[in-house]
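J.: Read in order, the letters of the sequence shown correspond to residues 1 to 579 in full-length UniProt numbering.
Below: one structure in structure tokens.
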Amino acid sequence: MTTGSLLVADLVIAVLAVAGWLGAGAASAVRRRPLALALAAGALLATLARAITITALARAGWWFAAEKILIAGPLSLAAVGVAGPRLLRVPVDIRAVAVPLLFAGYATSGALLVTILHGYPASAGAGLLAVAGVVTATVISARALGARPSRTASRVALGVAVGALVTGTGLTVAPGAAPAVPHDHGFPATRIADEPTRRFTLTAGTATVDAGGRDVDAWAFNGQVPGPELTATVGDVLEVTLRNRDIGRGVTLHWHGYDVPNDQDGVPGVTQAAVRPGQEFVYRFRADQAGTYWYHTHSASDVGVRMGLYGVLVVRPGPVTGLDVTVPVHTLAGRQLPAPRVERVEAGVPVRLRLINTDSTTHRYALAGTAFRVAAIDGVDLRGPTPLVDTAVLIPAGGRYDLVFDASATPVALFVDGRAVYSTGPVSTATGAWPVLDPLAYGATAPAPWSRFDKTFTLVLDRGLDLRTFLPRYAHTVNGAADPDIPPQVVRLGDVVRFTIVNRSQIVHPWHLHGHHVLVLARDGKPATGGPLWLDSFDVRPGEVWEVAFRADNPGMWANHCHNLAHADAGMTLHLMYS
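In structure tokens, the structure reads:
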């Protein structure tokens with residue numbers, strides 16, 4: 001069983017325990033003896049079963065079990081300790097055990113709510129608040145049932161509640177809270193002085209575009225979705241003028257996966273101010289990284305990208321040989337782009353399909369009718385890629401895969417989530433059962449470039465209640481905090497930096513560090529065995545632990561965030577800062 005499955009199983013068992021104890025308490029209060037005993041027995045078994053799942057999660061990593069051991073464990077023991085003995089000597093009047101059973105229900109509820117509303121890391125304040133809630137609910141229930149709780153119990157409830165507020169619940173004050181990051185951070189501008197050899201102008205504005213045969217309202221560059229494809233050859237100097245016609249929330253250009261100098265990265269509030277209606281901003285950088293990339297707005301990016309403010313950037317090492325096709329997959333107004341495309345290709349012509357996932361969720365790609373190689377991932381050529389056949393690839397949000405093959409006399413088709421988007425003729429192959437390529441085990445191995453790490457950071461991805469804003473929100477968190485209160489990671493130029501990224505949530509988080517590619521070291525403790533895998537976007541699935549590393553060689557203040565852009569907008573954004 002995977003760690004992700006264990007997390008789900010533990011949550012289900014916890015819910016069953018809560019329902020059993022509370023149901024048993026309610027049944028005993030109305031003197032439904034058989035029902036109360038049956039529910040209590042089931043709740044007791046579920047509570048004991050959690051010991052198994054919590055132990056297994058602790059073996060997978062302390063991150064997955066911290067609050068379960070420190071808070072849920074004692075509360076569950078209290079539930080069993082109070083309700084268990086009374087069940088062994090059941091009185092004639094079953095109503096007499098209603099309060100102990102309800103106490104057990106409140107105790108397991110408190111433990112569950114700490115996991116759901118607070119998560120990682122466990123804090124004394126969260127534990128005290130849970131205890132205060134349990135005691136208070138028990139006192140109120142006892143009074144409602146005609147029992148007379150002691151004054152001591154009432155005083156304990158009040159004292160624990162006050163203690164929780166004094167120490168901080170861990171929900172209202174994040175550990176090491178950081179102020180918002182200003183865009184005027186003092187790093188020197190690195191504008192390219194050379195004259196541009198490739199000039200482009202992109203005008204952002206509202207538009208009506210065709211999406212799979214239906215006109216939809218969109219935000220577009222130059223009136224089209226996707227925006228114009230920007231191409232260059234290694235050695236070019238690109239100059240891109242961004243103009244905003246009428247996008248009220250502002251626009252910028254972020255060159256996704258292309259490691260530009262910091263002042264060209266296009267993150268409002270960090271590297272520049274957003275370009276407002278009627279304004280413009282000029283980007284200039286050298287084309288020295290051959291590969292497949294894309295650009296998109298980073299101002300209100302969740303809405304902006306979804307509405308259509310994105311396009312393709314391709315840097316080629318030289319003249320094109322054969323057929324070179326970009327396939328940026330995007331969902332616009334519920335319609336998947338691009339529309340199906342059929343292209344006749346002579347047998348023997350080399351073909352490169354540049355697959356780009358511009359959505360916020362993973363897509364499944366399958367190339368039917370030919371053997372192929374994955375030549376590059378995220379703009380970086382792979383070492384020793386081998387031919388694949390009847391194999392699908394999963395591309396995370398923001399990721400790019402380059403598939404290469406020689407055209408055959410028989411038709412070839414590319415399917416995305418089962419839908420053909422490109423073909424050289426009719427292909428009816430069923431691809432749904434094909435195995436999925438694991439890129440960590442693909443290609444020829446090579447030794448790691450580093451033997452030591454100067455800085456190590458751990459990012460624990462979770463969800464929790466964020467009370468720091470006027471209206472509380474259920475935020476996506478990193479190490480228990482949400483943007484803008486996540487402390488920046490500070491590195492020095494030349495440091496070799498290792499990230500451990502842990503996903504203890506139930507949702508996939510595609511991780512994306514700006515300005516750098518990271519080398520994948522291991523996943524779930526198992527070292528990468530294929531060719532060196534340099535990524536800028538990778539899926540961290542529920543329960544997974546990724547270890548990646550990079551050399552800090554691009555000074556500045558860089559966004560480091562989940563590229564499910566709704567998650568980033570809901571708090572899962574932090575910053576890497578050079579000292």
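Beta carbons: idealized from backbone N, C-alpha and C, even for Gly.
Rounded to the nearest angstrom, how far is the Cβ of Trp219 from that of Gly105, given a contact under 8 Å?
T.: Counting from one through the sequence shown, the residue named residue 219 turns up at place 219. Counting from one through the sequence shown, the residue named residue 105 turns up at place 105. With 8 Å as the limit, Trp219 and Gly105 do not qualify as a contact, their Cβ atoms being about 50 Å apart.
J.: Ignore the nearest five residues each way along the sequence and tell me which others in Arg33's own chain have a CB closer than 7 Å to its CB.
T.: What you label residue 33 is simply residue 33 of the sequence shown in a count that begins at 1. Cβ within range, chain order: Ile94.
J.: Grab me the residues of Ile54's own chain with a C-beta within less than 6 Å of its C-beta, minus the 5 sequence neighbours each way, in chain order.
T.: Taking the sequence shown and counting its residues from 1, one reaches residue 54 at position 54. Same-chain partners within the cutoff: Ala65 and Lys68.
J.: Quick one: is Ala180 buried, meaning 16 or more other Cβ sit within 10 Å of its Cβ, or exposed?
T.: What you label residue 180 is simply residue 180 of the sequence shown in a count that begins at 1. With a pLDDT of only 47 at Ala180, under the threshold of 50, the placement of this residue in the model should not be trusted, and no figure is reported.
J.: In this structure, how does DSSP classify Arg143 when only helix, strand and coil are distinguished?
T.: To locate residue 143, count along the sequence shown from 1; it is residue 143. DSSP places Arg143 in helix when its eight states are reduced to three.
J.: In whole angstroms, what is the alpha-carbon distance linking Ala58 and Val436?
T.: Counted from its first residue, the sequence shown places residue 58 at position 58. Counted from its first residue, the sequence shown places residue 436 at position 436. Their Cα atoms are separated by approximately 29 Å.
J.: Short of 6 Å in beta carbon distance, which residues of its chain neighbour Gly432, apart from the five on each side in sequence? Order them along the chain.
T.: The sequence position of residue 432 within the sequence shown is 432, counting from 1. Correct list: empty, nothing qualifies.
J.: Quick check: what's the CA-CA separation for Thr297 versus Gly266?
T.: Counted from its first residue, the sequence shown places residue 297 at position 297. Counted from its first residue, the sequence shown places residue 266 at position 266. Approximately 8 Å between the Cα atoms of the pair.
J.: Whole angstroms is fine: what's the gap from Tyr422's alpha carbon to Ala413's?
T.: For the purposes of this step, residue 422 is taken as residue 422 along the sequence shown, with counting starting at 1. For the purposes of this step, residue 413 is taken as residue 413 along the sequence shown, with counting starting at 1. The straight-line gap from Cα to Cα measures roughly 6 Å.
J.: Ignoring anything shorter than 3 residues or poking outside the UniProt domain "Plastocyanin-like" (479-576), list the beta strand (DSSP E) runs there in chain order.
T.: Entirely contained in the UniProt domain "Plastocyanin-like" (479-576), the beta strand (DSSP E) runs reaching 3 residues are, in chain order, 489-491, 496-503, 509-513, 518-523, 537-540, 545-551 and 557-562.
J.: Does the contact criterion of 3 or more C-beta pairs under 8 Å hold for the region 328-343 versus the region 379-386?
T.: No, they do not touch.
J.: Quick one: what's got a C-beta closer than 6 Å to Val508's C-beta in the same chain, skipping five residues either side?
T.: To locate residue 508, count along the sequence shown from 1; it is residue 508. For Val508, where only same-chain residues beyond five positions count, the Cβ hits under 6 Å are Asp539 and Arg541.
J.: Helix, strand or coil: which one does DSSP assign to Glu346?
T.: Walking along the sequence shown from the start, residue 346 turns up at place 346. Three-state DSSP puts Glu346 in coil, outside helix and strand.
J.: Taking the beta carbon of Glu195 as the centre, do at least 16 other beta carbons fall within 10 Å, making it buried, or is it exposed?
T.: Counting from 1 along the sequence shown, the entry for residue 195 is found at position 195. Glu195 comes out exposed.
J.: Is Ile13 a contact residue of the ligand NAD, with contact defined as CB to any heavy atom under 6 Å?
T.: You won't find the ligand NAD in this model; it holds no ligand whatsoever.
J.: In three-state terms, what does DSSP make of Val303?
T.: Here residue 303 is taken as the residue at index 303 of the sequence shown, counted from 1. Helix, per DSSP.
J.: Below 7 Å between beta carbons: does that hold for residue 582 and Val490?
T.: An answer regarding residue 582 cannot be provided, because it is not within the stretch 1 to 579 covered by the chain.
J.: Check Trp450 in the structure and name its three-state DSSP category.
T.: The sequence position of residue 450 within the sequence shown is 450, counting from 1. Trp450: coil per DSSP, three-state reduction.
J.: Which whole-angstrom value is the C-beta distance of Tyr293 and Leu309, which I expect to be below 8 Å?
T.: Position 293 of the sequence shown holds residue 293. Position 309 of the sequence shown holds residue 309. That pair is no contact at about 16 Å.
J.: Would you kindly report the start and end of the unbroken beta strand (DSSP E) that includes Arg214?
T.: On the sequence shown, position 214 is the one that residue 214 refers to. Here the beta strand (DSSP E) through Arg214 covers Arg214 to Phe221.
J.: Taking 7 Å as the threshold (C-beta atoms), are Asp402 and Ala375 in contact?
T.: Indexing the sequence shown from 1 puts residue 375 at position 375. Indexing the sequence shown from 1 puts residue 402 at position 402. Yes, they are a contact pair.
J.: Quick one: is Met1 buried, meaning 16 or more other Cβ sit within 10 Å of its Cβ, or exposed?
T.: Position 1 of the sequence shown, counted from the start, is the residue given in the question as residue 1. With fewer than 16 other Cβ atoms within 10 Å, it is exposed.
J.: Express the C-alpha separation of Asp466 and Pro484 in angstroms, rounding to a whole number.
T.: Sequence index remark: in the sequence shown, residue 484 carries index 484 (1-based). Sequence index remark: in the sequence shown, residue 466 carries index 466 (1-based). Taking the straight line joining both Cα atoms gives about 11 Å.
J.: Taking contact to mean at least 3 C-beta pairs separated by less than 8 Å, is the region 357-369 in contact with the region 269-277?
T.: Touching, no, given that fewer than three Cβ pairs across the two stretches are closer than 8 Å.
J.: So, is Pro317 buried or exposed, given that buried needs 16 or more other C-beta atoms within 10 angstroms?
T.: As a position in the sequence shown, residue 317 is number 317, starting the count at 1. Exposed, by the Cβ-count rule.
J.: Tell me whether the beta-carbon of Ile71 lies closer than 7 Å to the beta-carbon of Ala46.
T.: Taking the sequence shown and counting its residues from 1, the one referred to as residue 71 is at position 71. Taking the sequence shown and counting its residues from 1, the one referred to as residue 46 is at position 46. For Ile71 and Ala46, no; Cβs fall outside 7 Å.
J.: In whole angstroms, give me the CA-to-CA distance for Val209 and Asp215.
T.: Mapped onto the sequence shown, residue 209 falls at position 209. Mapped onto the sequence shown, residue 215 falls at position 215. Cα to Cα, the separation comes out at about 5 Å.
J.: What ranges does the alpha helix (DSSP H) occupy inside the region 74-142, keeping only unbroken runs of at least 4 residues that lie completely in it?
T.: Here the runs fully enclosed are 98-113.
J.: Apart from the five residues on each side of it in sequence, which residues of its chain come closer than 6 Å, Cβ to Cβ, to Ala570?
T.: Taking the first residue of the sequence shown as 1, we reach residue 570 at position 570. Ala475 and His476, listed in sequence order.
J.: Whole-angstrom Cβ separation of Gly127 and Gly227, contact assumed at under 8 Å?
T.: As a first step, residue 127 is located in the sequence shown; it is residue number 127 there, counting from the start. As a first step, residue 227 is located in the sequence shown; it is residue number 227 there, counting from the start. Wrong, their Cβ atoms sit about 51 Å apart, outside the cutoff.
J.: I'd like to check one pair, Ala107 with Ala147: are the Cβ atoms closer than 7 Å?
T.: Your numbering for residue 147 matches position 147 in the sequence shown. Your numbering for residue 107 matches position 107 in the sequence shown. Their beta carbons are not under 7 Å apart, which means Ala147 does not touch Ala107 by this criterion.
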